[in-house]
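Student:
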Amino acid sequence: MNLRKIFLLITLILLPVLNAAKAPNGKEFPAHWGDPPLRQTRDLRPLPGGYGRGSGTLAKWIQQNLDKDSSSKGTLTPLKAGVRLAVTRAKTPITIDGNLDEFATAVCTPVEYFHPDQNNRPAQFFYLWDNEAFYVGLRTLDEKIFSPVDPLWEGDAVEWYFDTRRDSTFRDQKWGKGAVHCFWTAMKKAELNPRFCLRPGYLDAIAKTGVEVSARRWERGLEVEFKLPWVNFPNFTPKINEVIGIDAELSYSDGSQRSYRSFIFGSPLSVAQP
């Protein structure tokens with residue numbers, strides 16, 4: 400097996416959330432066109448693009464947008480080979496308080512949706528970024544929440560794999576500066592007590608500057624937020640179309656020691672290679 404194929408590649412892309420206006424016949428205009436002209440002539444004619452009938456003003460606006468879209472299709476930058484996920488840029492500042500409302504427009508990866516134990520296995524990971532940090536939201540279904548005092552990852556927890564290296568060591572089979580394997584949990588035993596730590600043997604991987612974990616219970620499990628500031632990766636500058644490597648491993652306790660785990664993009668091989 401080629402170990403270099405198991406780790407997720409993602410690209411940081413701004414994905415705006417827009418509301419689409421509608422033509423007179425009810426067909427939606429592409430959201431990126433914005434709103435049609437407010438002032439329009441009172442004539443009535445067929446509209447281009449299958450948008451029914453409307454004013455000459457509206458027809459001109461539609462045609463201009465169609466022409467613009469047609470000319471720009473060949474200039475769009477394609478995703479780089481191997482990229483599997485485009486992460487949404489945050490539209491507002493993120494407060495790390497366990498409330499996932501800010502992740503409403505975030506890209507999401509489902510976990511164990513079809514597992515037989517529907518009360519304790521399904522979960523969702525959400526991802527956002529801005530110029531300050533990379534953010535993760537986690538929502539779980541869990542009837543018996545628990546994480547031991549030590550090691551914290553042997554319970555309900557997340558093992559997080561993150562690689563920002565810009566040189567030939569990107570996704571190398573050795574952990575080095577610019578890549579981090581870490582752990583975070585919402586719990587200390589059965590009590591809500593968010594915690595974070597680095598992998599033993601790699602305690603100098605990052606300075607842990609500004610790292611935050613927060614959580615809250617909801618009626619069927621947990622909601623957790625994690626913030627990993629870019630300042631911990633001084634050789635990386637976040638910007639649109641940058642590619643980084645990620646894997647996320649969700650561990651389950653069922654009220655005691657770790658009893659199950661699920662990798663979002665890879666497998667246990669992620670432990671050996673970022």
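Numbering (my numbering), first residue to last: 400 to 673.
From the three backbone atoms N, C-alpha and C, an ideal C-beta is built for every residue, glycine too.
(1) Helix, strand or coil: how does DSSP classify T608 here?
(2) Measure the alpha-carbon distance for T491 versus D541 and round it to whole angstroms.
(3) Please report the distance separating the alpha-carbon of T665 from that of P436.
(4) Where does the unbroken beta strand (DSSP E) through K587 begin, and where does it stop?
(5) How would you write the range of the beta strand (DSSP E) that F662 sits in, first residue to last?
(6) Just to confirm the assignment: which complete beta strand (DSSP E) runs, minimum length 3, are found wholly within the stretch 449 to 490?
(7) Less than 8 Å separating the beta-carbons of L443 and R452?
(8) Which ranges does the beta strand (DSSP E) cover as unbroken runs of at least 3 residues, wholly within the stretch 512 to 581, from first to last along the chain?
(9) Can you check which of these residues, I645, E641, S669, L537, is closest to T584 by C-alpha distance?
(10) So, at 7 Å on beta carbons, what are the nonlocal neighbours of R565 in its own chain, with the 5 sequence-adjacent residues on each side left out?
(11) Note the first and the last residue of the continuous beta strand (DSSP E) segment covering L591.
(12) By Cβ distance, which residues of its chain are closer than 6 Å to S546, with the 5 residues on each side in sequence left out?
(13) Distance check for D516 and W552, CA to CA, integer angstroms please.
(14) By Cβ distance below 7 Å, which residues in the same chain neighbour P509 in space, the five residues on each side in sequence not counted?
(15) Could you tell me the alpha carbon to alpha carbon distance between K573 and D562, rounded to whole angstroms?
(16) Quick check on DSSP: helix, strand or coil for D653?
(17) Would you kindly work out how many angstroms separate the C-alpha atoms of G577 and W629, rounded to a whole number?
(18) Please go through the same chain and pick out, in chain order, the residues whose beta-carbon is closer than 7 Å to the beta-carbon of P445, but skip the five residues on each side of it.
(19) Helix or strand or just coil, what does DSSP make of L499?
(20) Of the choices A589, T487, G449, R438, whose alpha-carbon is the least far from that of K638?
Tutor: Checking against the coordinates, here is how it stands:
(1) coil
(2) 29 Å
(3) According to the sequence provided, residue 665 is Gly. The question's Thr does not apply to it. Taking the straight line joining both Cα atoms gives about 49 Å.
(4) 578 to 587
(5) 659 to 662
(6) 484 to 488
(7) yes
(8) 522 to 528, 532 to 539, 556 to 562
(9) L537
(10) N634, F635
(11) 590 to 597
(12) G554, D555, A556, T584, M586
(13) 21 Å
(14) Q523
(15) 11 Å
(16) coil
(17) 10 Å
(18) R452
(19) helix
(20) T487
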